[in-house]
Amino acid sequence: MPLNTSNHLPTPDASKSAFRAWARQVSKSQADHTAAISGQICANIAAILRDHAAKHSDLNKCRIMVYMPIRGEIDPIMLASWAISSGWEVCVGWGSSRSSLLQPVAIDPACMAGDTWHRDQCEPDAWDMAVPRAHVPVRTATLTAVVVPGLAFDRHGHRLGRGAGVYDRFLATLAPHTLRIGVIPNAQLVDALPTEPHDVPMHFVTTEQQTIAATTPAP
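If you read the sequence shown in my numbering, its first letter stands for residue 1, the second for the next number, and so on.
The structure is reproduced here in structure tokens:
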């Protein structure tokens, strides 16, 4: 499909592959910028979670799942630090094999030092993602919120991943009450992405400039 030559953003009828190639290029150009904007995005998510908790006083235990970032992704460490200080339990995703679903595992706060991870207390999982060694599996149904990275998001809450389907399979298993929050640099937010029937939209997408409630209500 042709590209918009003014900013190289694929045309609305382009394929996921075309959007993925564009998003990878933008992500690479933004990689040195993500550390500077991660704090604002974490603050945006904290505001969403505070509001959610205030509206759901019946929550027995607040539990959030974040992720261990790779280069170019927003780092949720400051959100994890805030959550722990607020009495929330923090989980990350762990894979025992490449064919398995992501397993939420609760982490030991000792694997964090303020706003940094103790990388020497982490080990790679099946996807070579660093995961704290000290972790305890938790049931997916008990998650209050899940923070989801991606290559791009749109204003309807749709996500473009890296093509392996890891998050697609995981998101399909979440309980209806679990908040799905997408995080992305504003440069990788688009008006609309190509979608497929199995795609699970976010309830919120947040960037360093704005927080968007999905315009298409998520199930």
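Note that CB positions come from ideal geometry on N, CA and C, so glycine has one too. Please read all numbers here as calculations on a predicted model, not as lab measurements.
key: Reduced DSSP secondary structure (H/G/I, E/B, other) of Thr-34   = helix
task = Rounded to whole angstroms, what's the CA-CA distance from Asp-120 to Ala-14? Just pull it up for me.
result = 43 angstroms
Pro-69 - DSSP class collapsed to helix/strand/coil = coil
request  = Since I believe Pro-137 is in contact with Gln-103 (beta carbons under 8 angstroms), could you give me their beta-carbon distance rounded to a whole number of angstroms?
outcome  = 6 angstroms
Which of helix, strand or coil DSSP assigns to Cys-122 = strand
task = Out of Trp-127, Trp-22, Ala-175, Gly-95, state which residue places its alpha-carbon closest to the alpha-carbon of Thr-140.
result = Ala-175
Of the listed residues Cys-111, Ile-48, Ala-172, Asp-58, nearest to Thr-135 (C-alpha basis) = Here residue 135 turns out to be His, not Thr, going by the sequence shown. Checking every option, the nearest Cα to that of His-135 belongs to Cys-111.
task = State the Cα-Cα distance for the pair Gly-95 and Asp-128, rounded to the nearest angstrom.
result = 9 angstroms
ask   = Could you check where the alpha helix (DSSP H) with Leu-79 kicks off and where it finishes?
value = 77–85
message = Taking 8 angstroms as the threshold (beta carbon to beta carbon), is Val-147 in contact with chain D?
response = No chain D appears in this structure, which consists of one protein chain only.
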